[in-house]
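Asks: First the structure, which I've put down as structure tokens, then a few questions once you've had a look.
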């Protein structure tokens, strides 16, 4: 029986549909048990209003002839209101009269959609002031009583800072570092929690821990700045309780609340958390608390400015995802105790079974690597990355885990352990990141490539924490736009990150407006107080994120809404981008400094912008690419005049680029791997030039003995350019190279995430002496897209995966590979393996899963050529004999004697 499954609103996944900021959410679904001939021709959506104290009410039933089942329009003329809870269910007809059963109901509840819905006041501690020093956490509490049986209760809450809330001594929700990091001068996110089960019908207490977080804690380079978005923290909370007869009681933050400092004496993003259990306050979030000394009345603050939007997040929250156990204990030459968790990760250490005298302190120092068999902390720069726990002296044992900090680490030095059991069994590393759903998988016959892929996945996990950061460990952890601009197409293959990146792009546009049209280099723009780091000068690639990131999200989902949402940001950037003032040029102003092919291995350690490729050429290559995309985006959105304008501009810029940077026979004036890779992938060459450019790229790669000669700009395109030029085996030679610089060199050095520099660790095990030496930087991990597309052969042919292709590029010594990806229509997957056959031939067996509603073009080797077939949804198998007619390994050019 065909079933309608996986019904969802927009891009929200259960349980993240409570308190959303949507009024007309589109609906999508998938199919289960659909036979190969099944095809939707009609759908019916029933929309109901849900209320716990009355019967379900049908708001509308819409039946339409349509094959669409991804992002189907909202089935009502009426938008949703604040606090409204609705459900939908779906059934479908095919062309043969078959009708599916109704799907399971899915539910959505809106948040407080209008500012007037917020009746609470913004409160703060009375001692708060503009301080240059970190302050302890604040504990806010309010006791209250309820009348009547409780039917439903919702807590609407946010802070300028970070928070955890409790009701009657029980934790509310499972969010970490809520409300998340935004451009606080433009948006403040709130959360909604169902707290019905936590309330009592008589006496109750709500308590909220608040710490500085990103809002007013230290953020930035070279010591950074404090109080970037405000001088101190503040709290807004509104608890709405509906009794069984429908009456509402509201407990709101106001001057009846009290506050005092809590046991978390330090809560810093960079420096860590210090928790003093001797200062704990028993039952502080419960009506059972008896000692009210030390509590003070809160201060009332002015209402939140209208310029700051109060909004629910469009992203999944950050959560504690899993716990990793240590794999070994190390005693260093100086006698320090270090735990190795076997994986570079992001989160914190959880301690249990702690015993010791009252006042004793246990220290936890974090680092990504060891150097000289000791903790390698130099790359952290001005960042202590250390937590401390001071015992209260409980004979039954104590437990501790930080609430308001996180670290990037594989190794933790533990000082002063006095646990009741052995150290290894008493600790666990809690992995934290935005709770995105895993969307893809990849594996192949080469274990080093498999490890490389896992390194990319872990690097993305660690850096997708509320915003997409560059690195998670040192005094930075900022939302660098250039990193995401280049990695976004890969990110969407690995995780469903649409909601998170959509949420971040709102802030990108806000920061762009603050800087009068020039996007910020980092968003949220933590460099605002610093005229040196707040670079208001236009910059290619980094600022092209305004176009490249929304386009990557559109290509993955087919959702035109993300293009419409960000179109003003795109055009604002295009209008601000400075053209050459020396003449009527369509290329970049040559006087503008560019970062170019950042961290090219040829660049000096202290000057990562001084790579082998002309930075102005790199900027102009991306300019042409962005203009091409703008023409396509304008066409998709029906903006005819804009489409014609951008098409004309791209043609003119491409012509000037060829005149400036390409010889008639296809040599680039900047004779580098990056120059040819960009020219080929961005279609900047004439057909005859393209052949010569491909050959020259191969010459450069062979000359460099297949080692990488690209930085941030060129790396995502290098292997693909070789494939497009007809040199897949050379691409594989680069991919499998183990000498530095290469993708596999870090793997051979024991890396478990992707490094910032190709040689972040030197062959002798010492740390690169450069100022920027992160061991968890996802940018170079863009190669994972190549693994999907070329080794496994899984690649989309049109936005949203309505049509896709499976075309494995057989090469090197790869004997099998597989990949899967959850598309908007369901799971698409492929796997292939080769075995020896008679007469020197090999046999390939290929298995493919095509989701309902899509078609797949299958291309696989056969004889000395290839065979192509197109199939609809279902499971498919193919088999053929073929000839591996290539030399392996590919040899480098002979060196001169």
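Numbering (the working numbering), first residue to last: 1083 to 1979.
The beta-carbon is built from N, C-alpha and C at its ideal position, and this holds for glycine as well.
Owing to the predicted nature of the structure, the values given are computational and were not obtained by experimental measurement.
(1) Buried or exposed, going by whether 16 or more other CB atoms sit within 10 Å of the CB of residue 1446?
(2) Only counting runs of 3 or more residues, tell me where the beta strand (DSSP E) segments fall wholly within the stretch 1811–1896, in order along the chain.
(3) With distance defined between alpha-carbon atoms, name the residue in 1249, 1221, 1200 and 1202 nearest to residue 1208.
(4) To the nearest angstrom, report how far apart residue 1318 and residue 1205 are at their CA atoms.
(5) Whole angstroms are fine: how far does the CA of residue 1965 sit from the CA of residue 1921?
(6) Apart from the five residues just before and just after residue 1151, which ones in its own chain have a Cβ nearer than 7 Å to its Cβ?
(7) Since I believe residue 1365 is in contact with residue 1251 (beta carbons under 8 Å), could you give me their beta-carbon distance rounded to a whole number of angstroms?
(8) So what's residue 1586 in DSSP terms, helix, strand or just coil?
(9) Which word fits residue 1160, buried or exposed, when buried means at least 16 other C-beta atoms lie within 10 angstroms of its C-beta?
(10) Is it true that the stretch 1551–1558 meets the stretch 1449–1469, where meeting means three or more beta-carbon pairs spaced less than 8 Å apart?
(11) Within the continuous beta strand (DSSP E) that includes residue 1784, where are the two ends?
(12) For residue 1642, collect the residues of the same chain with a Cβ closer than 8 Å to its Cβ; drop the 5 residues on either side in sequence, then sort them by chain order.
(13) If you measure between the beta carbons of residue 1715 and residue 1656, is that distance less than 8 Å?
(14) If you drop the 5 nearest sequence neighbours on each side, which residues of the same chain put their C-beta closer than 7 Å to that of residue 1115?
(15) For residue 1979, I'd like the list of residues in its chain whose CB is within less than 7 Å of its CB, leaving aside the five on either flank, ordered along the chain.
(16) Based on Cα-Cα distance, which residue from 1828, 1688, 1890 and 1736 lies nearest to residue 1805?
(17) Quick check on the DSSP output: what are the complete beta strand (DSSP E) runs of length 3 or more inside the stretch 1193–1268, in order along the chain?
(18) So, with DSSP's three-state summary, where would you put residue 1988?
(19) So for residue 1906, helix, strand or coil by DSSP?
(20) Touch check for the stretch 1784–1798 and the stretch 1748–1760: three-plus C-beta pairs under 8 Å?
(21) Starting from the C-beta of residue 1171, find all residues in its chain whose C-beta is less than 6 Å away, skip the five residues before and the five after it, and write them out in chain order.
(22) Go ahead and pull the three-state DSSP assignment for residue 1310.
(23) Would you say residue 1158 and residue 1141 are within 8 Å of each other, going by their C-beta atoms?
(24) Determine the burial state of residue 1330: buried for a count of at least 16 other Cβ atoms within 10 Å of its Cβ, exposed for fewer.
(25) Which value, in whole angstroms, describes the spacing of the CA atoms of residue 1858 and residue 1278?
(26) Which one or two residues does DSSP pair with residue 1943 in a beta bridge?
(27) Leaving out the 5 sequence neighbours to the left and right, which residues in its chain are closer than 7 Å to residue 1971 when beta-carbon positions are compared?
(28) Determine, using beta carbons only, whether residue 1428 and residue 1514 come nearer to each other than 8 Å.
(29) For residue 1525, collect the residues of the same chain with a Cβ closer than 6 Å to its Cβ; drop the 5 residues on either side in sequence, then sort them by chain order.
(30) Could you have a look at residue 1921 and say whether DSSP puts it in helix, strand or coil?
(31) Measuring straight from C-alpha to C-alpha, what distance separates residue 1396 and residue 1669?
(32) Is the distance from the Cβ of residue 1077 to the Cβ of residue 1393 below 8 Å?
(33) Hey, residue 1834 and residue 1426 are a contact pair by Cβ (cut 8 Å); roughly how many whole angstroms apart?
(34) Going along the chain, which unbroken runs of the beta strand (DSSP E) with 3 or more residues stay wholly within the stretch 1271–1300?
(35) Using DSSP's beta-bridge definition, name the partner residues of residue 1519.
Replies: On the basis of the supplied data:
(1) So residue 1446 ends up on the buried side.
(2) Runs of the beta strand (DSSP E) lying entirely within the stretch 1811–1896, each at least 3 residues long, are 1876–1878 and 1885–1888 in chain order.
(3) Between residue 1208 and the set 1249, 1221, 1200 and 1202, the nearest pair of CA atoms involves 1221.
(4) Straight-line Cα distance between these residues: approximately 7 Å.
(5) Going by the C-alpha atoms only, they are around 10 Å apart.
(6) So the list reads 1110, 1111, 1122, 1125 and 1935, once near-sequence residues are dropped.
(7) Between residue 1251 and residue 1365, the beta carbon gap of about 7 Å places them in contact (Cβ cut-off 8 Å).
(8) Three-state DSSP puts residue 1586 in a helix.
(9) With fewer than 16 other Cβ atoms inside 10 Å of its own Cβ, residue 1160 counts as exposed.
(10) As far as the Cβ criterion goes, the stretch 1551–1558 touches the stretch 1449–1469, which means the pair count is three or higher.
(11) Per DSSP, residue 1784 belongs to no beta strand (DSSP E); it is in the alpha helix (DSSP H), 1769–1785.
(12) Same-chain partners within the cutoff: 1636, 1718 and 1719.
(13) No, the pair does not count as a contact, with Cβ atoms beyond the cut-off.
(14) These residues qualify, in order along the chain: 1083, 1084 and 1085.
(15) In this predicted model, residue 1979 has a pLDDT of only 44, less than 50, meaning its place in the structure is not dependable enough to derive any value.
(16) Nearest neighbour of residue 1805 by Cα position, chosen from 1828, 1688, 1890 and 1736, turns out to be 1890.
(17) Runs of the beta strand (DSSP E) lying entirely within the stretch 1193–1268, each at least 3 residues long, are 1220–1227, 1232–1242 and 1244–1249 in chain order.
(18) The shown model of the chain, from 1083 to 1979, leaves out residue 1988, and the question about it has no answer.
(19) Residue state, collapsed to three classes: coil.
(20) Contact between the stretch 1784–1798 and the stretch 1748–1760 is established, with three or more Cβ pairs separated by less than 8 Å.
(21) Excluding residues within five positions, the ones whose Cβ falls inside 6 Å are 1128, 1184, 1185 and 1187.
(22) Residue state, collapsed to three classes: coil.
(23) Cβ distance < 8 Å, so residue 1158 and residue 1141 count as in contact.
(24) Per the 10 Å Cβ criterion, exposed.
(25) Roughly 41 Å separates the two Cα atoms.
(26) Answer by DSSP bridge pairing, in chain order: 1948.
(27) Cβ within range, chain order: 1815.
(28) Yes, the Cβ-Cβ distance between residue 1428 and residue 1514 is below 8 Å.
(29) Only 1532 and 1900 meet the Cβ criterion.
(30) In the structure shown, residue 1921 sits in a helix (DSSP, three-state: H, G or I).
(31) In a straight line, the C-alpha of residue 1396 is about 36 Å away from that of residue 1669.
(32) Past the boundaries of the shown model lies residue 1077; the chain is included only from 1083 to 1979, so the question cannot be answered.
(33) In this structure residue 1834 touches residue 1426 by the C-beta definition: roughly 5 Å separates them, less than 8 Å.
(34) If we require 3 residues or more, the beta strand (DSSP E) runs fully inside the stretch 1271–1300 come out as 1285–1293.
(35) Residue pairing of residue 1519 in beta bridges, as defined by DSSP: 1578.
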